[in-house]
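Numbering-wise (my numbering), the sequence shown opens with residue 4 and increments by one. Cβ atoms here follow ideal geometry from the backbone N, Cα and C, with glycine treated the same way. One structure is given below, encoded as structure tokens.
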Amino acid sequence: MNSLVRTVTGPLPVSAVQGPVLPHEHLALDLTRPTDRAAFLGARHAAAVARELADLRERFGLALVIELTCRGMGRDLVALARISRASGVPVVAGTGWYHERFHPAEVGSACVQELADILVEEITGGLGGDGVLPGVIGEVGSHGRAPSGPEVRTLTAAARAAVTTGLSLATHAQLGVGGPAQLEVLTSAGLAPYRISVGHQDLLDDPVVHRELAAAGAYVAFDTIGKEHYQSDATRLRSLLALLEAGYADRALLSCDISRHSYLAGAGGQGYGHLFRSFLPRLRAAGADEELIDLLTRRNPLRFLTGGDGGRHGAAEPGTAARPAGQPVAVPDPGTGAASGSRGAPVTEVTTGAGAASDPWAASRPAPGTGSAGQGGRC
């Protein structure tokens, strides 16, 4: 379990993250295409984004944003660093490939190992010329019930890179569909399910699928909260409560996935704060206490990000159901190692030799010229 979080402005001790985390957001991206010119957050929106985050830091204690704009999505590291500094909110950058429609030319006919090497190079050597190190792989995508051929390659490559480097991985399941197939591809490549967040599951009104993903050990991301034109928050709340009642409170992640400028609060949209201003009050009204809220908004995303499994290895343990009336699952606090129970190991410092305290991923770095799995880029 990593004791440091990689942010765009440098390493951050996990123990410093004492407020809520938004685990699936976009602060700068470009998904425009001829049929959609509005899927864009550019330089002219950066100040508004920073103001929103600063307000959430002041009002709700927002402590971290996991920014999942990856290769082919218009990732802008300079903008992320500028927004982070202006808002005072640390930001984690991602890498990987979105779903096939947005694959850049580099995916082409490249084999899985060549693609994995690209990601490992970014993770260990830094992004662009700025030396920013990705802190997560994602959002790696697919569309449909089963990934396409190119998506199988990019998902498998992402999983290999995650295994090699120790980063966790977040997916994009188009409209919530295809999560089980994604999980199968990723785990078949050797990635542990507790290091996987299956995305956009709040768009899928299917509690059975949610339970199956959680029972396998993966995180179930309710990460488009507030996008009422896709799914009502009432349905999202019902689905989340069903997952909590089934005993999987420690597998749920909550975020808003702000992905175009019209969603910004300053533009009349729901904004990054919709989770705190609207959805969490409704969850509290349904019976959730502050311990459960902290689990869902801080401990879970930190545990996902840092690779801790909270003592869960697959199916739910007996007696761990977290009732909305205030009986949350006892899982360790990623920042302190303490728990509201004793399940799971405490956080420990990563020791991988000289310099490990400042670079816990050092042991995962391949020797120069060896590729992501010692294969020299061979397929």
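Taking all protein chains in view, the Cβ of residue 258 is crowded by 16 or more other Cβ atoms within 10 Å, so the residue is classified as buried. Between residue 93 and residue 200, the beta carbon gap of about 19 Å keeps them out of contact (Cβ cut-off 8 Å). The beta carbon of residue 75 sits closer than 7 Å to the beta carbons of 100, 101, 105, 106 and 107 from its chain, once the five residues preceding and following it are set aside; these are given in chain order. Per DSSP, reduced to three states, the secondary structure at residue 311 is coil, with no helix or strand assignment. Short of 7 Å from the beta carbon of residue 239, and not among the five residues preceding or following it, lie these beta carbons of its own chain, in chain order: 205, 225 and 228.
By the beta-carbon neighbour count (other beta carbons within 10 angstroms, threshold 16), residue 232 is exposed. Annotation for residue 90: 53, 56, 57 and 60 place their beta carbon closer than 7 Å to its own, counting only its chain and skipping 5 residues before and after. Residue 13 and residue 165 have their C-alpha atoms roughly 20 Å apart.
In this model, residue 261 and residue 161 are separated by some 23 Å (Cα to Cα).
Per DSSP, the unbroken alpha helix (DSSP H) holding residue 81 starts and ends at 80–90. Taking C-beta separations shorter than 8 Å and ignoring five residues to either side along the sequence, the partners of residue 153 in its chain run 103, 106 and 110, following chain order. In the same chain as residue 299, and ignoring 5 residues on each side of it, the C-beta atoms closer than 6 Å to its own belong to 255 and 257, in chain order.
The DSSP-derived three-state label of residue 39 is strand.
Scanning its chain for C-beta atoms nearer than 7 Å, with the 5 sequence neighbours on each side dropped, one finds around residue 141 the residues 71, 73, 97, 99, 172, 173 and 174, in chain order. In the displayed model, residue 187 falls within a helix according to three-state DSSP. Counted as a single uninterrupted DSSP element, the stretch harbouring residue 283 is not any beta strand (DSSP E) but the alpha helix (DSSP H) occupying residues 283–288. Between residue 301 and residue 20, the CB-CB gap stays under 8 Å.
For residue 242, the uninterrupted alpha helix (DSSP H) run begins and ends at 236–248, by DSSP. Residue 209 and residue 251 have their C-alpha atoms roughly 15 Å apart. The C-alpha of residue 125 is placed about 39 Å away from the C-alpha of residue 245.
The Cβ atoms of residue 159 and residue 188 lie closer than 8 Å to each other.
Residue 18 sits in a helix when the DSSP states are folded into three classes. Per DSSP, the continuous alpha helix (DSSP H) segment holding residue 56 begins and ends at 49–63.
When only Cα atoms are considered, residue 273 and residue 279 end up about 11 Å apart. Across the structure, residue 29 and residue 281 are spaced so that their CA atoms are roughly 20 Å apart. Comparing C-alpha distances from residue 183 to each of 214, 193 and 156 shows the shortest one belongs to 214. Between residue 11 and residue 87, the C-beta spacing is below 8 Å. Of the residues 186, 308 and 85, the one whose Cα lies closest to the Cα of residue 149 is 186. Under DSSP, no beta-bridge partner is assigned to residue 276. Relative to the Cα of residue 195, the nearest Cα in the group 32, 207, 163 and 179 belongs to 163.
Only buried fits residue 167, as 16 or more other CB atoms lie within 10 angstroms of its CB. The shortest CA-to-CA distance from residue 133 to any of 145, 120 and 83 is the one to 83.
Across the structure, residue 286 and residue 113 are spaced so that their CA atoms are roughly 45 Å apart. For residue 121, the enclosing alpha helix (DSSP H) covers residues 115–128. Beta-carbon to beta-carbon, residue 276 and residue 268 are separated by about 7 Å, close enough to satisfy the 8 Å threshold.
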